[in-house]
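Some notes on the structure that comes next.
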Amino acid sequence: MIDQSTRSAQPSSDLLPSELLQLRDLVQSQPAGVRAELEPLLDDVLEHALFRGRILSVARDALERLRLDLNMALFDLDATRREREALRDLLGERN
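Start counting the sequence shown at 46; every next residue gets the next number (my numbering).
Here you go:
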């Protein structure tokens with residue numbers, strides 16, 4: 046079972062919206078009874094926010110890779126067309 050103190054460990058602040066960080070600080074400043082009631086809910090919210098951030102990061106990386114692959118494919122297609130036209134011109138001159 047996860048100890049509550051380890052569960053509410055500070056997640057990476059770089060990946061969380063500032064509003065959630067402010068909410069976390071506000072909850073941590075509350076009396077123990079209120080904090081005990083709110084921290085599990087806040088931990089779930091922070092976990093979901095981190096998960097969404099990671100998913101968005103993976104999606105951005107995949108999209109960037111797709112753009113790069115598309116640009117390389119377009120470059121290859123253009124080079125192939127130029128080579129085909131040069132070969133046609135060369136064969137046309139021979140006939």
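Glycine is no exception: its CB is placed at the ideal position from the N, C-alpha and C atoms.
Please read all numbers here as calculations on a predicted model, not as lab measurements.
Assignment of residue 85 by DSSP, reduced to helix, strand and coil, places it in the helix class.
For residue 84 and residue 72, the gap between their C-alpha atoms comes out near 7 Å. Where residue 74 is concerned, there is no enclosing alpha helix (DSSP H), because DSSP gives it neither an H nor an E.
Counting C-beta pairs closer than 8 Å gives fewer than three between the region 127-138 and the region 93-107, which falls short of the contact rule. With a contact defined as Cβ atoms closer than 8 Å, residue 95 and residue 60 qualify at about 6 Å.
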